[in-house]
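Student: A single structure is presented below for examination.
Residue numbers (the working numbering): 20 to 244.
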C-alpha cells in the first residue's frame, strides 16, 4: 500500500551525541534497540479491547496518536504492534544465540513491562504505553538492563532482578526545575553498564526527576484506576 505520509527519519546517534556536547562512555555489552509500539493491552482485566478507548475517555484521556499515528500498511495499530513484536522477538532470539555471554541491553521507546507504568496524573493513558506481549522479554532473553522512555518520568526499577531504566528527556518545560538547580543535559544521562554494584529492591522505584535519585518508594500500579 502506497502512502503519501512523511517517513520517519533517523540520524547518526554518535554524531548527534557529539553535537550536543554529551559525555559518551564505552562499555562492553550488546545493545539491541527495538520498536514495539502498543496494542491497548495495558488495561484492567474487566475492560475489553473494544471498550478500551471508551474506558480511557471516561477520564478525558485520548492520545493524539488516535488522530496522527496512522498504521499503514496495517489495518490497525494492534496489527502493526503484533508485526513489530514478531520482528524484534526474532532479532532478540538471534542476538542471544549469537552472543550468549555478552550482557544484553534492550532499548525500546515503550516500557517492556506493565508494572513500571505509573502515571498518577493520567492513569488511563497506560493504554498507549506498551504491550503485554513483551512482559517476559527481560527474563526470557536474559537482559542485563532494559532501557525505555515514553513516560517522561525518569526512574529506576528492578523487576525479577533485572534493572529497568526510564531515561526520558521529556519536553523542554520538564527540564526547568533541573536547570534552576544548575544542572545541564548531562545530569539526565544514566550509566547503563556496568551500573550499580548492588541489586535494587524488587518493587521499589528510585525516582530521578532531576537526574539524581531524590527518593525511593514502593512501586504502585495504576492499572485498575
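Every residue gets a Cβ at the ideal spot worked out from N, C-alpha and C, and that includes glycine.
Do residue 50 and residue 126 have their CB atoms nearer than 8 Å?
Tutor: In the chain shown, the residue the question calls residue 50 occupies position 31. In the chain shown, the residue the question calls residue 126 occupies position 107. Yes, the pair counts as a contact, with Cβ atoms nearer than the cut-off.
Student: Assign residue 27 to buried or exposed, taking buried as 16 or more other Cβ atoms, counted over all protein chains shown, within 10 Å of its Cβ.
Tutor: Along the chain shown, read from residue 1 onward, the residue named residue 27 stands at position 8. Bear in mind that a pLDDT of 32 at residue 27, under 50, signals an unreliable position, so the model cannot answer this.
Student: Taking all protein chains shown into account, decide if residue 87 is buried (16 or more other Cβ within 10 angstroms of its Cβ) or exposed.
Tutor: Position 68 of the chain shown holds residue 87. So residue 87 counts as exposed.
Student: Say whether the region 179-196 touches the region 136-144, bearing in mind that this needs 3 or more beta-carbon pairs closer than 8 Å, one atom from each stretch.
Tutor: As far as the Cβ criterion goes, the region 179-196 does not touch the region 136-144, which means the pair count is below three.
Student: Would you kindly report the start and end of the unbroken beta strand (DSSP E) that includes residue 231?
Tutor: Against the chain shown, residue 231 aligns to sequence position 212. No beta strand (DSSP E) holds residue 231; DSSP gives it neither H nor E.
Student: Can you grab the Cα-Cα spacing for the pair residue 226 / residue 172, in whole Å?
Tutor: By 1-based counting over the chain shown, the position of residue 226 is 207. By 1-based counting over the chain shown, the position of residue 172 is 153. Each residue's Cα considered, the two are about 8 Å apart.
Student: Distance check for residue 52 and residue 31, CA to CA, integer angstroms please.
Tutor: Taking the chain shown and counting its residues from 1, one reaches residue 31 at position 12. Taking the chain shown and counting its residues from 1, one reaches residue 52 at position 33. Low confidence applies here, because residue 31 scores a pLDDT of 46, under 50, leaving its location unreliable and the question unanswered by this model.
Student: Note down, one range per segment and in chain order, each alpha helix (DSSP H) of at least 4 residues found wholly within the region 137-205.
Tutor: Runs of the alpha helix (DSSP H) inside the region 137-205: 156-159, 195-199.
Student: Between 62, 161, 216, 56, which lies nearest to residue 115 when the distance is taken from Cα to Cα?
Tutor: The residue given as residue 115 occupies position 96 in the chain shown. The candidate whose alpha carbon is nearest that of residue 115 is 161.
Student: Are the region 106-125 and the region 60-72 touching by the rule of at least three beta carbon pairs closer than 8 Å?
Tutor: No contact exists between the region 106-125 and the region 60-72.
Student: Which class does residue 87 belong to by DSSP, given the choice of helix, strand or coil?
Tutor: To locate residue 87, count along the chain shown from 1; it is residue 68. If DSSP states are grouped into helix, strand and coil, residue 87 belongs with the helices.
Student: Given a threshold of 16 other Cβ atoms within 10 Å of its Cβ, counted over all protein chains shown, does residue 222 qualify as buried or as exposed?
Tutor: In the chain shown, residue 222 corresponds to position 203, counting from 1. By the neighbour-count rule (16 or more Cβ atoms within 10 Å), residue 222 is not buried but exposed.
Student: Classify residue 165: buried if its beta carbon has 16 or more other beta carbons within 10 angstroms, exposed otherwise.
Tutor: In the chain shown, counting from the first residue as 1, residue 165 sits at position 146. Burial call: buried.
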